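A short worksheet on the structure shown next.
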Amino acid sequence: MTRSRRLLLFQTVLLLATISATLLAFGVRPASFAVETARSADRFVDSICVGTHWSYPDTPYGQRYEEVKQKLIASGIRNVRDGFYQSRPQDLGKSGIRTTIVADVPDRSNGDEKTIQAIVNQIKTANAAGARIDAVEGSNEPDLFWIPSRFDKQYKGQGFPKGVIAFQKDLYTAIKRDSKTASLKVIGPSLGMTYDPGGGNPNPLPKGSLANAVDWGNFHPYPGGNPFSFPFDYNTTAKYYWNSNFPSINIDEFPYNFDTYSPPFQPKPMATTETGYSTFKQWVSEKVHAKYMPRLFLEFFRKNVQRTCSYEFVDEFADPQKTKREANFGLLRHDLTPKPAYNAVKNLIALLRDPGANFTPSGLAYSLDVRPVQNYREPLSKRVANYDRTQYVHHVLLQKRDRTFYLVLWHEVSNNDTSVQPPREIQPPALPVTLKLGQPIRTVAIYALGEDGRLTTTPTRLTSNQLTLNVPDRVVIVKLVPA
């Protein structure tokens with residue numbers, strides 16, 4: 007070996023040793039950590055949407071509009087899904103609230119190009135008057151509402167599904183060719199019935215039929231049981247996926263809804279213009295609702311759903327006995343008092359909102375070590391179970407423009423056994439998690455959503471650049487400020 011090569015080798019070894027010593031001084035083992043690129047915290051906030059019904063005169067939407075609007079503004083939710091009723095989109099736009107407009111053929115009519123152009127003109131007129139319509143959605147559940155026995159809709163003489171496909175293609179073309187609407191996101195039609203991705207009742211919209219007629223596909227995955235899954239017992243529940251209702255039940259481990267409803271739109275990403283829970287007594291309690299709703303928005307964002315609209319913002323009717331499913335979907339009760347879920351979503355948004363110019367998030371070097379809980383006695387049923395599916399601790403890594411990271415964690419587990427009615431409530435354990443950091447961190451804080459939806463914060467310190475915490479079935483957020 008020549009003298010110059012020996013010198014180069016010595017310098018390289020010295021450099022590596024110096025880097026390793028520096029990292030170890032911060033408690034970092036450089037070979038142990040993968041680097042995950044964060045996603046924009048504000049992009050998550052921007053994905054949150056709620057359905058409204060401004061045109062329903064016998065509900066709080068019509069009777070107490072100004073009060074509902076103020077509750078909406080206070081929530082921090084930036085997107086609603088509705089129609090053109092009166093000048094509601096324009097009025098909401100003044101407060102920065104955007105509207106996803108549902109576009110469809112009028113009831114009991116045969117639409118044509120004039121129908122499409124009327125929709126485009128309405129959007130342009132509304133936006134010119136201050137509305138912030140940024141998305142237009144195709145037909146709402148036409149497999150339910152286009153049929154002759156319901157609202158008997160057609161487009162160019164065709165019913166469902168051919169007429170719906172033709173309508174969507176013409177809608178997309180008209181929106182994109184007009185310079186005043188070309189920037190709008192065009193969302194595909196949704197379906198309302200259950201179809202079998204591998205059986206005798208397939209999605210009636212053919213694979214790829216709408217790929218060139220949308221920016222985002224669409225589906226309405228309400229979290230109920232998932233029989234399109236492998237049956238196993240877990241969480242004190244027989245046939246766990248069949249008899250549960252946790253937020254990701256149909257989109258993650260057994261992604262029935264993606265498998266069934268995304269093929270017509272592939273490779274475009276999906277939006278969810280309806281999902282959520284009713285707090286009537288046959289579905290979820292307000293306590294469970296408060297756990298599920300923040301997790302629902304996070305789960306859909308984690309699965310790259312572009313916009314997630316909860317159905318809906320306000321309970322439409324008073325129902326003290328909680329016997330009517332359709333009366334209890336709101337984040338607000340009928341009297342406009344907040345359910346705990348409203349507080350939870352509001353506080354999550356307040357923590358993570360970060361409006362401003364687009365930026366490119368950076369990466370965080372870290373690892374998560376999740377440990378099981380064995381022989382856990384569930385407090386309500388007194389049943390003993392092992393919680394060993396550590397993959398059910400889910401996370402989303404977010405970052406704000408000031409480079410602060412927010413690691414959002416939750417135990418994605420069911421809080422109900424739906425094999426009985428009303429559902430049996432379950433209190434699963436928190437799972438112990440050790441967070442190890444592979445880069446210097448200056449300050450750490452832990453935020454947690456409580457059962458009432460309130461957000462508490464606990465300053466903490468790293469020990470050897472790591473942190474141990476218990477992750478419950480409610481959202482916790484670890485704030486990490488880089489050194």
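Sequence positions in the sequence shown follow the working numbering and run 7 to 489. A virtual CB, placed ideally from N, CA and C, is assigned to each residue, including glycine. Since we're looking at a predicted model, the values are computed, not measured.
In the structure shown, residue 483 falls within a strand segment according to DSSP collapsed to helix, strand and coil.
In this chain, residue 230 is not harboured by any alpha helix (DSSP H), its DSSP state being neither H nor E. DSSP, read as helix, strand or coil, puts residue 477 in strand. For residue 453, the enclosing beta strand (DSSP E) covers residues 447 to 455. DSSP, read as helix, strand or coil, puts residue 239 in coil. Beta-bridge partners assigned by DSSP to residue 107: 88, 142. Out of 227, 266, 155, the CA that lies nearest to the CA of residue 206 is found in 266. Taken atom to atom, the span from the alpha-carbon of residue 56 to that of residue 227 is near 15 Å. Distance from the Cα of residue 233 is smallest, within the candidate group 407, 219, 260, 240, for 260. Secondary structure at residue 322: coil, using DSSP grouped into helix, strand and coil.
In this structure residue 106 is in contact with residue 315, their Cβ atoms being roughly 7 Å apart against a cut-off of 8 Å. Taking 8 Å as the cut-off, the beta carbon of residue 230 is found no closer than this to the beta carbon of residue 216.
366 is the residue among 366, 177, 463, 446 whose C-alpha sits nearest the C-alpha of residue 48. Nearest to residue 176 by alpha-carbon distance, out of 218, 385, 137, is 218. Inclusion of residue 249 and residue 286 in the CB contact set at 8 Å is not warranted, their separation being larger than that value. The C-beta distance from residue 108 to residue 121 rounds to 14 Å, too long to meet the 8 Å contact threshold. The region 395 to 409 makes contact with the region 367 to 374: 3 or more CB pairs, one atom from each, lie closer than 8 Å.
Residue nearest to residue 308 within the set 258, 349, 326 is 258 (criterion: CA-CA distance). Around the C-beta of residue 255, 16 or more other C-beta atoms lie within 10 Å, and the residue is accordingly described as buried.
For residue 328, the CB contacts under 6 Å within the same chain, skipping 5 residues up- and downstream, are 286, 287 in chain order. Annotated as proximal: residue 61 and residue 91, with beta-carbon spacing under 8 Å.
For residue 291 and residue 413, the gap between their C-alpha atoms comes out near 28 Å. Note that the C-beta distance between residue 126 and residue 181 is below 8 Å.
Ranked by Cα distance from residue 320, the options 313, 300, 438, 347 are led by 347.
Comparing alpha-carbon positions, the option among 117, 186, 179, 155 lying closest to residue 162 turns out to be 117. Contact annotation: residue 213 and residue 167 have beta-carbon atoms that are not nearer than 8 Å. At a Cβ-Cβ threshold of 8 Å, residue 136 and residue 100 count as neighbours. Ranked by Cα distance from residue 388, the options 483, 336, 351, 241 are led by 241. No residue range can be given for residue 247, since it is assigned to no alpha helix (DSSP H) and is classified by DSSP as neither H nor E.
Under the three-state reduction of DSSP output, residue 286 falls in the coil class, being neither helix nor strand. Following the DSSP letters along the chain, one finds residue 443 inside the beta strand (DSSP E) bounded by residues 437 to 443. With a cutoff of 8 Å on beta-carbon distance, residue 478 and residue 436 are scored as near each other. Rounded to the nearest angstrom, the gap between the Cα atoms of residue 306 and residue 278 is 8 Å. A straight-line Cα-Cα distance of about 46 Å links residue 424 and residue 130.
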